[in-house]
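Every letter in the sequence shown is one number past the one before it in my numbering, and letter 69, counting from 1, is 49.
C-beta atoms are modelled at their ideal positions from N, C-alpha and C, and glycine is treated no differently.
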Amino acid sequence: MQSVVGIMSVGSDIRDKVGQLDDPPSRTRARFSSDAIPYFLSTADAFVILLSSLAGGIGYQLSIGNPAPNILPHCAVGLLASFIHILRMSGSGYYDFPDSAKPRVETTGILVCWFTTGLLLAFFAFLLKIGVAYSRGAFVVFYFLAPVGLLGVRKLTKVALTAAVARGAVGRRDIVLIGDVNEMAALEPRDLMAFFGAGEVNRFTLSQYDDPLMRATADIRVINSVANFVRSHNCREILLALPWGDAGRMEFVRDQIKTLPVAARLMPDMRVRSLTNYTSSARQRVLAIEIQRAPLGGSERFVKRIMDISIATLALIIFLPVMILTAIAIKLDGEGPVVFRQNRKGFNGREFVMFKFRTMTVQENGPVVGQVTRDDPRVTSIGRLLRSASIDELPQLANVLKGDMSLIGPRPHALAHDNYFEKILGDYAFRHHVKPGMTGWAQCNGARGATPSIEHISERVKLDLWYINNWSLWLDIQILIKTFFEVLRKRNAY
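Below you can see the structure in the form of structure tokens.
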């Protein structure tokens, strides 16, 4: 255990001395990201359904000798049918990549979804009494014409996607592959298709040194390059291609990537794939072991962001008179800026400048920052009042609107404290998997103020991680309510 710690400490010491790469050694050739594929496929289905509705209506009326009908009702029905069909298919992952690139056409799923969608349309037509404007004969033609078009377009898009993936024109830019040299060499393009839905991905190859110290040093350099690439390209997943017998290296890599707010999965190695009679095929989705859970999903981050913007804007309007009076009081109290700026670490470990009303005679923002203690002589007379009422935190509403912070999340610490806590607590880095907050689960449970011992910061980290793993919109609302009463109690506020 001591040797591993020694290796890691040496690696930490050289992080700033070793050059870091911004791009992977092996770049993807993909010109188009697979993120756009779901939008393209759903648009194609909507176009087919709308065209089928128009063709069914116009074709039916002309076939029975009537003049061309008004196309507006047919457009309305086609758009409504498109919305219902796409919504239902999206829920089952039908448009997701790589499933959409697999060769087999999902005939049963398409037909079941479409025919039940038609029944829903007939039900709405009955309720809204639109039968006069829309012929039943035209609806029947539309009902049986659309699935033919949907199946045909699905087959054509699968052929086109398969060819595009083979050429390297479409790939996944949101995935990073880290692996051992031999394991990486054993992965063929068809294997990558089964795991990622892409013929090529961003690869980072670990070192081949036999000496443990040299290997750890080189691996840290590679993983630092991975971290830079993930942060600059907004990647969402890391895959590990490592021999399952090398438990030490797997644990080492896992420990190094835990600061990144992305999912991490361990792929079956060559031996496991051979034991399970694994064959390279895009028809199957191969199981990989999740070793790190992703933080909030896209929809959850969107909901949380809407809540942040709405409440922060309202709070700024309400507290604007208080903030103006506070600024005047600080200016009259003595020399120095009204707003104190200090660098903090935010989501994904990115640094940002956090705003606070100045409450102290010093403005520490460097490698050494002393924590505020009770009756600290550095706190000004007006600052003591502001800190006890938490008014000094109000400028952080601007950080929330900028997107650097959230209303609710782990409280950010000064960089000097952050770096120290990361060294003594293995789970501390997980706090950066979400945006830091003005208040959090730890603060509304009394864990605020100075952290004079490891026990104090350990308890705070435990509460922060519980919040991250159990996040919900209702939990954020509860924390806001509890924070209001916590401010009134003035517990550990000094």
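query, result
"Close-in-space but distant-in-sequence residues of the same chain around S22 (CB under 6 angstroms, 5 per side omitted)", "I66 and Y75"
"Reduced DSSP secondary structure (H/G/I, E/B, other) of P5", "Only weak support exists for where P5 lies, its pLDDT of 49 falling under 50; the value from the coordinates is given anyway. Of the three classes helix, strand and coil, the one that applies to P5 here is coil, per DSSP."
"Rounded separation between S129 and S32 - CA only", "The amino acid occupying residue 129 in the given sequence is Gly; Ser does not appear at that position. So the two alpha carbons sit approximately 8 angstroms from each other."
"Through-space distance from F410 to C424, alpha-carbon basis", "20 angstroms"
"Reference F332; option with closest CA among K415, S254, A292 and R251", "K415"
"Beta carbon of E163 nearer than 8 angstroms to that of A221", "yes"
"Three-way DSSP call (helix, strand, coil) for K325 in this model", "strand"
"Contact with chain C by C93, beta-carbon distance below 8 angstroms", "Considering every chain present, this structure includes no chain C. It has just one protein chain."
"Residue range of the unbroken beta strand (DSSP E) whose run includes M334", "E331 to F337"
"Every unbroken beta strand (DSSP E) within the stretch 360 to 419, with a cutoff of 3 residues, ordered by chain", "386 to 388 and 417 to 419"
"Spatially closest choice to S290 from L312, S386 and G37, by CA coordinates", "S386"
"CA-to-CA distance, F122 to R134, given in whole angstroms", "18 angstroms"
"Beta-carbon contacts of R471 that lie in its chain and below 8 angstroms, excluding the five residues immediately before and after", "G426 and R428"
"Best match in E344, Q322, S80 and A118 for proximity to S43 [C-alpha to C-alpha]", "A118"
"Identity of the residues DSSP links to F184 by a beta bridge", "I158"
"Cβ shell of E86 (< 8 angstroms), same chain only, five flanking positions each side left out", "Y74 and R134"
"Pair within 8 angstroms by beta-carbon distance, F335 and N379", "yes"
"G39 versus A81: straight-line alpha-carbon distance, rounded", "34 angstroms"
"Range of the contiguous beta strand (DSSP E) that encloses L219", "E217 to A221"
"Neighbour-count burial assignment, S433, 16 or more Cβ in a 10 Å radius", "exposed"
"Status (buried if at least 16 other CB within 10 Å, exposed otherwise) for G277", "exposed"
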